[in-house]
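These notes are about the structure you will find just below.
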Amino acid sequence: MRLASIAAATLLAGLLSGPGSSADEGHDGVTIPFDCALPTGTKPVSVVVTTALQAAGSVGQPISAGTVKVDVGLPQAELEGLVPAGTTTLASTAALAVKVTQNGQSADAQWANLEAPGTPLPADGTLHLVHEGEVPTVTVNAPGDVVLTAGALTMNLLPTADGGQEDAAKPLSVTCRPGADQSGKLATIQVAGDAGADPTKSPGSGQAGDGGEKNRDGIAVEPQDDPVDPPRSCPADLPLPEGELDTSHAPQAAMPPGADEPKVSAAPNGGSLGCAYAVGYANVTKLNGAMIINDPSKKPAMMSVAAVKQTSQRSRPPFAKGGYYQRIDSLGKLVLPDAESTFLTFGFEPVTAKVHFENGPVTISTGTVGFKPDPVEKFATAFFTQTLRVYDVKVNGVPLDVGPNCRSSKPFPVVLSGLFPKYANVFLGGPMEGTVDIPGFSGCGTGGEDLDPLFTASLSGPGNLISVVQGNTCVPTEPSTECPGRLPELPHN
């Protein structure tokens with residue numbers, strides 16, 4: 002049976018794509034000089050766009066770009082004025098505006114939600130942020146060359162610092178545009194059609210349920226972004242985080258004799274309030290099966306988050322004794338929908354059951370221990386307690402009355418860990434996993450029948466894997482965070 006997990010937010014797939022003077026060049030990448038607005042002024046930056054576009058297409062058939070890569074090269078000299086002092090790693094989420102033209106007509110698209118994982122800053126040279134994501138298709142209703150042209154590129158940068166700067170956890174926004182003498186041309190796709198087709202013919206209005214919006218120019222970008230920006234808000238009925246942080250399961254600062262205690266600082270506003278999705282699987286080792294938690298194909302719940310609620314920091318020597326340490330703590334509240342699954346009890350008896358999850362406060366901690374040239378450990382942990390209640394049990398299709406209080410006999414700890422840079426911080430989210438020890442069950446059965454031993458024998462024990470993906474955290478009051486939060490895909494492992 003599958004347990005639950007943590008945190009927040011969403012991996013939604015992006016949009017369209019294209020390469021240079023002909024589409025097949027996109028496999029090698031098209032290099033376009035961009036001008037980026039940086040703190041030191043407008044600076045030239047090299048951007049390489051790679052797609053899987055084919056050189057030719059057909060009328061009425063979707064033109065697919067596959068997975069798009071946008072490699073942004075930021076000179077190391079410009080990073081000093083862009084990111085906080087002490088930053089060692091930079092992650093990014095990017096969106097590239099793309100204009101699609103054919104036969105003098107045009108449509109606009111956004112290649113959004115392109116993700117670049119945390120990348121170490123080089124000592125010199127160029128930092129390459131390689132953004133990647135799936136994009137939607139383009140469909141045209143007439144023959145003629147289809148040209149894709151790059152427009153504005155927006156990046157939300159998220160630095161991670163070893164130097165202890167508290168603002169290193171805040172995303173930074175950078176906007177770039179193709180250089181003044183650059184066409185921004187990404188690709189040309191030759192579209193063939195019936196010899197009698199009229200290249201200037203426009204389609205009728207798109208019908209409801211088309212899945213995309215056909216404009217009068219005869220070009221459809223699917224899915225089509227809503228021209229009105231979605232509201233920057235979290236669900237109105239989402240319960241606020243409550244309870245206390247429990248950082249006991251996060252790596253702690255070493256305290257040799259004479260070491261300074263890390264300085265603990267609480268955010269004056271209680272943290273930045275936001276929301277995120279978290280979806281995943283939970284295994285039951287004894288049943289050799291798994292249950293989907295917060296199923297993204299149904300009505301997944303969001304977790305409320307008080308981001309950067311507390312920081313704990315000790316500077317590196319010689320400014321402090323004991324070695325460098327930084328930890329950023331956030332508090333979450335996750336009320337999960339009930340889950341349902343079917344397992345073969347003892348390998349042969351099909352059992353269907355629903356599971357209700359009762360979760361305690363979720364503490365998400367990220368940070369760094371050590372400073373180069375000493376060993377450096379970056380960590381991400383999430384901790385909460387959980388109780389399981391089982392109901393609506395059927396054995397071979399026959400209902401089994403387990404009563405209203407068939408549950409794990411006590412709350413059990415859930416400790417999940419994320420590997421840097423896949424999980425850099427609470428704002429970007431990422432994959433986490435851990436194993437739990439499910440305690441014995443109590444309160445199972447009615448009419449004097451004791452079913453506790455049956456459920457304990459079937460479900461309880463150690464080594465039950467929980468694997469989840471937290472989406473990005475939307476903070477409505479922080480423009481540099483993406484809102485609404487994206488719904489991530491289930492883990493692939």
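In terms of the working numbering, the sequence shown is residues 2 to 494. Don't be surprised by glycine CBs; every beta carbon is placed ideally from N, CA and C.
- Segment contact: the segment 355-375 against the segment 258-270, fewer than three CB-CB distances shorter than 8 angstroms; contact not assigned.
- Per the coordinates, the alpha-carbon of S266 lies some 47 angstroms from the alpha-carbon of G185.
- DSSP lists A92 as the beta-bridge partner residues of L159.
- For G398, there is no enclosing beta strand (DSSP E), as DSSP gives it neither H nor E.
- Taking each of G404, P480, T474, L417 in turn and checking the Cα distance to G449, the smallest one comes out for G404.
- Collapsing the DSSP output to three states places P454 in a helix.
- For L173, the enclosing beta strand (DSSP E) covers residues 173-179.
- Where Q77 is concerned, the enclosing alpha helix (DSSP H) starts and stops at 77-83.
- Here E245 is exposed, its C-beta having fewer than 16 other C-beta atoms within 10 Å.
- Sixteen is the threshold: when 16 or more other Cβ atoms of the shown chains lie within 10 Å of the Cβ of L154, as they do, the residue is buried.
- The beta carbons of S59 and V192 sit closer together than 8 angstroms.
- Each residue's CA atom was taken as its position, placing Q111 and T447 some 58 angstroms apart.
- When only Cα atoms are considered, S342 and P463 end up about 20 angstroms apart.
- If you draw a 10 Å sphere on the C-beta of N104, you find 16 or more other C-beta atoms in it, and that means buried.
- Bridge partners of A308 according to DSSP: S273.
- Each residue's CA atom was taken as its position, placing V309 and A383 some 14 angstroms apart.
- Assigned with DSSP and collapsed to three states, S418 falls in strand.
- A95 sits away from P118, with the two beta carbons spaced by 8 angstroms or more.
- DSSP links A321 through a beta bridge to no other residue.
- Here P440 is not near K395, since their CB atoms are 8 angstroms or more apart.
- Of the other Cβ atoms in all chains shown, fewer than 16 fall within 10 Å of the Cβ of K299; this residue is therefore exposed.
- Going by DSSP, L187 is part of the beta strand (DSSP E) stretching over 186-193.
- Here the alpha carbons of T364 and A255 stand approximately 21 angstroms from one another.
- Contact between the segment 122-135 and the segment 423-437 is not established, with fewer than three Cβ pairs separated by less than 8 angstroms.
- Inclusion of L335 and A279 in the CB contact set at 8 angstroms is warranted, their separation being smaller than that value.
- Within the same chain, Cβ atoms closer than 6 angstroms to the Cβ of G275 are found at V306, A308, T474, C475, V476, the five residues on either side in sequence being excluded.
- Around V131, the same chain offers K70, D72, A117 as residues with beta carbons nearer than 7 angstroms, after the five sequence neighbours per side are excluded.
- Between the beta-carbon of S174 and that of S481 there is about 5 angstroms, and that keeps the pair under the 8 angstroms contact cut.
- With contacts defined as CB atoms closer than 8 angstroms, A302 and M292 fail to qualify as a contacting pair.
- Boundaries of the beta strand (DSSP E) around C37: 31-39.
- At least 8 angstroms separates the beta-carbon of S331 from that of G368.
- Excluding residues up to 5 positions away in sequence, Q103, N104, V192, P200 lie with their Cβ nearer than 7 angstroms to the Cβ of G145 in the same chain.
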